[in-house]
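>
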Amino acid sequence: MTKFEIRGVRADVLIGADEREEILKGVDLTINSGETHAIMGPNGSGKSTLAYAVAGHPKYEITAGEVLLDGENVLEMSVDERARAGLFLAMQYPVEVPGVSMSNFLRSSVTAVRGEAPKLRQFSKELQGTMKDLSIESSFAARGVNEGFSGGEKKRHEILQLELLKPKMAILDETDSGLDVDALKVVSEGINRAKANTDVGIMLITHYTRILNYVKPDFVHVFADGRIAESGGPELADQLENEGYERFVKAGA
Ligand code: ADP
Ligand code: MG
Ligand code: MG
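Per our numbering, residue 2 is the first one in the sequence shown, and the count goes up by one each step.
Okay, structure coming up:
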């Protein structure tokens with residue numbers, strides 16, 4: 002049983018040498034293993050900032066509060082330590098590493114997280130099988146990391162990592178953005194396999210309710226102006242689908 006806790010987190014985005022702006026204004030959220038929490042909200046409300054701040058992105062500084070994984074202070078861990086502790090943050094992985102093949106990169110990631118190198122043949126089999134499940138063509142394994150990947154390929158790659166690394170907690174930011182319906186189904190099935198095969202807790206950040214037709218959330222939170230404005234069950238997503246975010250957006254904002 003894993004518990005991921007975000008407590009009273011405030012964070013600034015660092016804009017210039019001495020310019021900063023507070024974006025997160027006190028975020029509280031607890032996710033237990035096996036639970037899927039959808040974080041929904043208007044554009045610019047700070048959803049990605051929450052993901053980046055927890056990931057330790059250098060452009061964001063947490064000024065108050067804490068983030069705990071089974072009681073361990075995530076904010077004191079290096080990016081590698083966060084991964085080894087079982088935290089999956091899609092955006093922590095390199096954007097583009099030409100010259101390093103996907104299969105080598107993924108095997109190194111799996112080795113780092115599991116603490117021992119998987120046998121090459123066994124890993125190749127696992128990789129090819131998972132790629133097939135995600136409708137990723139087999140030549141992908143020989144390509145450079147994220148080299149010339151399309152938007153859809155990046156999203157599939159993200160879920161490929163999720164399935165291979167088997168984290169305790171995963172933060173997925175806009176996994177659905179830019180995907181056509183077929184790709185959305187494939188990616189959603191991957192998330193659902195990870196949920197079925199492991200006890201992963203998921204923070205699913207999304208602007209649109211569309212993905213929630215495929216990945217069923219246990220809880221839905223509305224993010225507005227840097228904090229969680231309302232929490233509920235799946236019915237809250239249906240309500241947002243019908244009413245939009247209007248009542249959560251400040252007049253004049
Ligand atoms: P969301 O993901 O909900 O659309 P973001 O977290 O991306 O929202 O952005 C929240 C606010 O922080 C926005 O007003 C955005 O302009 C600002 N912001 C985020 N990142 C930066 C940045 N690197 N530089 C300047 N402003 C930023
Ligand atoms: Mg965003
Ligand atoms: Mg499960």
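Idealized CB from N, CA, C, for every residue including glycine.
What residue does the beta strand (DSSP E) around isoleucine 212 start on, and which one ends it?
Reading the sequence shown from its first residue, position 211 is the one you call residue 212. Counting along the chain, isoleucine 212 falls outside any beta strand (DSSP E), and DSSP gives it neither H nor E.
> Are there any heavy atoms of ligand 2 lying less than 7 Å away from the beta-carbon of aspartate 226, as far as the coordinates show?
Counted from its first residue, the sequence shown places residue 226 at position 225. No.
> To the nearest angstrom, how far is it from the Cα of isoleucine 63 to the Cα of lysine 48?
Numbered from its first residue, the sequence shown carries residue 63 at position 62. Numbered from its first residue, the sequence shown carries residue 48 at position 47. Approximately 14 Å, taken between the alpha carbons.
> Tell me, please, whether the region 147-154 touches the region 190-205 by the rule of three or more beta-carbon pairs shorter than 8 Å.
no
> Excluding sequence positions up to five away, which residues of its chain have a Cβ less than 7 Å from the Cβ of isoleucine 32?
Numbered from its first residue, the sequence shown carries residue 32 at position 31. Excluding positions up to five away in sequence, the list reads Phe5, His38, Met170, Gly202 and Met204.
> What's the C-alpha gap between serine 139 and glutamate 164?
As a working note, residue 139 is residue 138 in the sequence shown. As a working note, residue 164 is residue 163 in the sequence shown. Distance between the alpha carbons of serine 139 and glutamate 164 is about 16 Å.
> Can the beta-carbon of leucine 185 be found less than 8 Å from the beta-carbon of tyrosine 215?
As a position in the sequence shown, residue 185 is number 184, starting the count at 1. As a position in the sequence shown, residue 215 is number 214, starting the count at 1. Yes, Cβ-Cβ distance for leucine 185 and tyrosine 215 is below 8 Å.
> Looking at valine 146 and methionine 78, is the spacing between their C-beta atoms short of 8 Å?
The residue given as residue 78 occupies position 77 in the sequence shown. The residue given as residue 146 occupies position 145 in the sequence shown. Cβ atoms of methionine 78 and valine 146: not closer than 8 Å.
> Go to glycine 149, then tell me how far its beta strand (DSSP E) extends in each direction, as first and last residue.
Position 148 of the sequence shown, counting from 1, holds the residue named residue 149. Unbroken run through glycine 149: none, as it is neither H nor E.
> Based on DSSP bridge pairs, tell me the residues matched to leucine 30.
Residue mapping note: residue 30 aligns to position 29 of the sequence shown, counting from 1. Its beta-bridge partners are Ile7.
> Quick test of your reading: valine 68 and valine 10, contact by CB under 8 Å. State the CB separation rounded to the nearest angstrom.
Here residue 68 refers to the residue found at position 67 of the sequence shown. Here residue 10 refers to the residue found at position 9 of the sequence shown. At roughly 7 Å, the Cβ-Cβ gap stays under 8 Å, so valine 68 and valine 10 are in contact.
> Figure out for me which residue from Val98, Ala113 and Gly100 has the closest Cα to the Cα of leucine 88.
For the purposes of this step, residue 88 is taken as the residue at position 87 of the sequence shown. Closest by alpha carbon: Ala113.
> Mind checking which residues open and close the alpha helix (DSSP H) that includes phenylalanine 249?
As a position in the sequence shown, residue 249 is number 248, starting the count at 1. Run containing phenylalanine 249: none; DSSP gives neither H nor E here.
> Ends of the alpha helix (DSSP H) at methionine 132?
Taking the sequence shown and counting its residues from 1, the one referred to as residue 132 is at position 131. Note, methionine 132: alpha helix (DSSP H), 121-134.
> What does DSSP give as the partner residue(s) for isoleucine 40 in the beta ladder?
By 1-based counting over the sequence shown, the position of residue 40 is 39. Looking at the DSSP assignment, isoleucine 40 forms a beta bridge with Ile206 and His222.
> Rounded to the nearest angstrom, what separates alanine 65 and arginine 108 at their Cα positions?
Translated into positions along the sequence shown, residue 65 becomes position 64. Translated into positions along the sequence shown, residue 108 becomes position 107. In a straight line, the C-alpha of alanine 65 is about 36 Å away from that of arginine 108.
> Given this structure, state the Cα-to-Cα distance separating methionine 41 from arginine 85, to the nearest angstrom.
One-based indexing of the sequence shown puts residue 41 at position 40. One-based indexing of the sequence shown puts residue 85 at position 84. Taking the CA atoms as reference points, methionine 41 sits about 28 Å from arginine 85.
> Check glycine 191 in the structure and name its three-state DSSP category.
Stepping through the sequence shown from its first residue, residue 191 is reached at position 190. Reduced to three states, the DSSP call for glycine 191 is helix.
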